[in-house]
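Trainee: Just so you know, the sequence shown maps onto residues 1 to 195 in the UniProt record's numbering. First the structure, which I've put down as structure tokens, then a few questions once you've had a look.
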Amino acid sequence: MPNVTEYINFTYVSRIVNQAQSIPFIKLIPKDEENVSLLRRIEIVGHIYLSHRDYYQLQILSEFYQCLNHLLNIFDQYEQINQYFFDPRVKQCIEYLQSHYHKKVQLSELSHMVHMSEAETIKLFKRFAGDTPFNFLQNYRLEQSAKQLMYHHKNVTEVAMDCGFSTTSYFIQNFKQKYSLTPKQFQIKYAKYLK
């Protein structure tokens with residue numbers, strides 16, 4: 001049987017080192033479950049080290065392997081998010097969607113811009129961005145609306161119209177599906193934290 005440490009270094013640590021060249025940093029967000037688990041494990045390692053109990057090095061090694069596992073999962077998430085940068089046409093579509101999210105955007109506009117058929121545009125976008133252009137736009141609109149609800153004193157209808165939703169009811173329905181709160185509930189909840 002090969003040396004376990006060498007095997008882990010070769011298989012997993014080297015993968016992280018190689019990926020670090022394309023992903024130079026990771027922003028750990030406390031709302032992301034994987035990020036929270038990694039941060040918790042790092043904190044546990046500190047406590048174990050300070051305690052110097054029997055076999056503490058073994059406990060630290062165990063936590064180290066768990067941290068590796070979390071890091072690999074986080075890198076996988078980053079790879080999925082950043083894959084679209086490898087095709088300039090997808091990047092062009094995303095930039096267009098982000099700068100025109102407040103307007104009605106047609107698939108024909110995107111396909112014309114990248115000189116592809118509508119079907120090819122959807123296929124390419126889905127391959128690199130992991131979703132259809134429409135779903136990407138919808139999620140982006142919802143993210144922008146959440147920011148407006150938190151940081152601006154606008155009512156729900158104003159936010160819906162500013163973010164490109166055709167009706168307030170459609171906005172509320174989609175917002176609740178994504179955030180499990182109505183826009184008004186969301187606004188009230190986060191207003192407390194921003195005071």
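Just so it is clear, CB atoms sit at the ideal spot from N, CA and C, and this is done for glycine as well.
#1: Which word fits I74, buried or exposed, when buried means at least 16 other C-beta atoms lie within 10 angstroms of its C-beta?
#2: Compare the C-alpha of A187 against each of C93, N35, V156 and name the closest.
#3: May I have the straight-line CA-CA distance separating Q148 from K91, to the nearest angstrom?
#4: Give me the residue from T168, K123, E120, F136 with the minimum Cα distance to residue 204.
#5: Count Cβ pairs between the stretch 33-52 and the stretch 103-119 that sit closer than 8 Å; are there 3 or more?
#6: Can you give the Cα-Cα distance for Y84 and F134, rounded to whole angstroms?
#7: So, with DSSP's three-state summary, where would you put N35?
#8: State the Cα-Cα distance for the pair I122 and E33, rounded to the nearest angstrom.
#9: Assign A146 to buried or exposed, taking buried as 16 or more other Cβ atoms, counted over all protein chains shown, within 10 Å of its Cβ.
#10: When you compare each of L68, Q59, H70, K126 to C93 by their alpha carbons, which one comes out closest?
#11: Given this structure, state the Cα-to-Cα distance separating R41 from G130, to the nearest angstrom.
#12: By a C-beta neighbour count over all protein chains shown, 10 Å radius and 16 as the cutoff for buried, is L124 buried or exposed?
#13: Can you say whether G164 is buried or exposed, counting buried as having 16 or more other CB atoms within 10 angstroms of its CB?
#14: Quick one: is H47 buried, meaning 16 or more other Cβ sit within 10 Å of its Cβ, or exposed?
Mentor: Checking against the coordinates, here is how it stands:
#1: buried
#2: It should be noted that the sequence gives Gln, not Ala, for residue 187. Of C93, N35, V156, the residue nearest in Cα terms is V156.
#3: Rounded to the nearest angstrom, the two C-alpha atoms are 25 Å apart.
#4: Absent from the structure is residue 204, since the part of the chain shown begins at 1 and ends at 195.
#5: No: fewer than three Cβ pairs fall under 8 Å.
#6: The pLDDT assigned to Y84 is 48, lower than 50, so where the model puts this residue is not dependable, and the model offers no usable value.
#7: helix
#8: 30 Å
#9: Buried, because 16 or more other Cβ atoms sit within 10 Å of the Cβ of A146.
#10: Per the Cα distances, K126.
#11: Cα atoms of R41 and G130: separation of roughly 30 Å, rounded to the nearest angstrom.
#12: So L124 ends up on the buried side.
#13: G164 should be labelled buried.
#14: exposed
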